[in-house]
Amino acid sequence: EDQVTQSPEALRLQEGESSSLNCSYTVSGLRGLFWYRQDPGKGPEFLFTLYSAGEEKEKERLKATLTKKESFLHITAPKPEDSTTYLCAVWEYGNKLVFGAGTILRVKS
Amino acid sequence: NAGVTQTPKFRILKIGQSMTLQCAQDMNHNYMYWYRQDPGMGLKLIYYSVGAGITDKGEVPNGYNVSRSTTEDFPLRLELAAPSQTSVYFCASREDTYEQYFGPGTRLTVT
Numbered sequence: 006e007d008q009v010t011q012s013p014e015a016l017r018l019q020e021g022e023s024s025s026l027n028c029s030y031t032v033s034g035l036r037g038l039f040w041y042r043q044d045p046g047k048g049p050e051f052l053f054t055l056y057s058a059g060e061e062k063e064k065e066r067l068k069a070t071l072t073k074k075e076s077f078l079h080i081t082a083p084k085p086e087d088s089t090t091y092l093c094a095v096w097e098y099g100n101k102l103v104f105g106a107g108t109i110l111r112v113k114s
Numbered sequence: 011n012a013g014v015t016q017t018p019k020f021r022i023l024k025i026g027q028s029m030t031l032q033c034a035q036d037m038n039h040n041y042m043y044w045y046r047q048d049p050g051m052g053l054k055l056i057y058y059s060v061g062a063g064i065t066d067k068g069e070v071p072n073g074y075n076v077s078r079s080t081t082e083d084f085p086l087r088l089e090l091a092a093p094s095q096t097s098v099y100f101c102a103s104r105e106d107t108y109e110q111y112f113g114p115g116t117r118l119t120v121t
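Chains as they are written, first to last, in my numbering: chain B, 6 to 114; chain V, 11 to 121.
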């Protein structure tokens, strides 16, 4: 049973067209939710950590939000350099993260 | 700081061969992790370590072994390579906060 599900699998946007990515989770005791970006051929790069429902974090054109069942990564007026794969991961207990499969974002100019 | 480094970047193995994937970090992190990433799948945890001399299995440990003799190094050993081990392998480390920092990866093909 998947604990972390990301949607959509892929998203194409025009430059400036705002949208949101979704990360839903089924873990019972969430201790933290993480967003990463991963460029082709590279390792994941940390973006945000969210610890409790209602929390929000922002960085440039990205804003991450958290509810009790899901997280959204809002992308405002995206640029081509925002094209990458966005990964979501949850920390339930112990020392381990569980990752979703990712959303591939393509922003065309 | 170099962060997390991994060698080699690419490797092709024949079925039944063995090899060691190297991982090193210069951030003095106690926690280190090995993941594999297959197309369309999330990162799967192979092994992890909470400090020198302490390792534990993750979600997909079969066919792999690890050791942690120093804080800096966390090598991953593949014994008797199989085609199912074709993947991209990532090493990561973290401090007491939970943000993990990843290396650039090793792309392994077993034929």
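Every residue, glycine too, gets a C-beta built ideally from N, C-alpha and C.
One Cα belongs to R87 of chain V, the other to G105 of chain B, and the distance between them is close to 26 Å. Looking at the DSSP output, D87 of chain B shares a beta bridge with no other residue. A direct Cα-to-Cα measurement between A58 of chain B and R46 of chain V gives close to 30 Å. DSSP, read as helix, strand or coil, puts S94 of chain V in helix.
Here A92 of chain V is near I25 of chain V, since their CB atoms are less than 8 Å apart. Shortest Cα-Cα distance from P45 of chain B to any of V:G115, V:V120, V:T121 involves V:G115. Within the stretch 23 to 52 of chain V, the complete beta strand (DSSP E) segments of 3 residues or longer fall at 29 to 35, 41 to 47, listed in chain order. Boundaries of the beta strand (DSSP E) harbouring E75 of chain B: 75 to 80, taken from the DSSP string. G52 of chain V sits buried, since 16 or more C-beta atoms from the chains shown fall within 10 Å of its C-beta. Interface with chain B (8 Å Cβ-Cβ cutoff): G63 of chain V is excluded. Contact annotation: the stretch 74 to 92 of chain B does not touch the stretch 67 to 81 of chain V, with fewer than three C-beta pairs closer than 8 Å. At least one beta carbon of chain B lies nearer than 8 Å to the beta carbon of Y58 of chain V. Minimum Cα-Cα distance from T70 of chain B among the listed residues B:N27, B:Y41, B:R36, B:S33 corresponds to B:N27.
Identification of residues in the stretch 84 to 115 of chain V having a C-beta nearer than 8 Å to some C-beta of chain B yields F100, A102, T107, Y108, E109, Q110, Y111, F112, G113, P114, G115, given in sequence order.
With contacts defined as CB atoms closer than 8 Å, G113 of chain V and Q16 of chain V qualify as a contacting pair. Using a CB distance cut-off of 8 Å, A106 of chain B counts as an interface residue toward chain V. No Cβ-Cβ contact shorter than 8 Å links L31 of chain V with Y43 of chain V. Taking CB atoms only, W40 of chain B has no neighbour in chain V less than 8 Å away. In the assembly as shown, R111 of chain B is an exposed residue. Its beta-carbon has fewer than 16 other beta-carbons within 10 Å.
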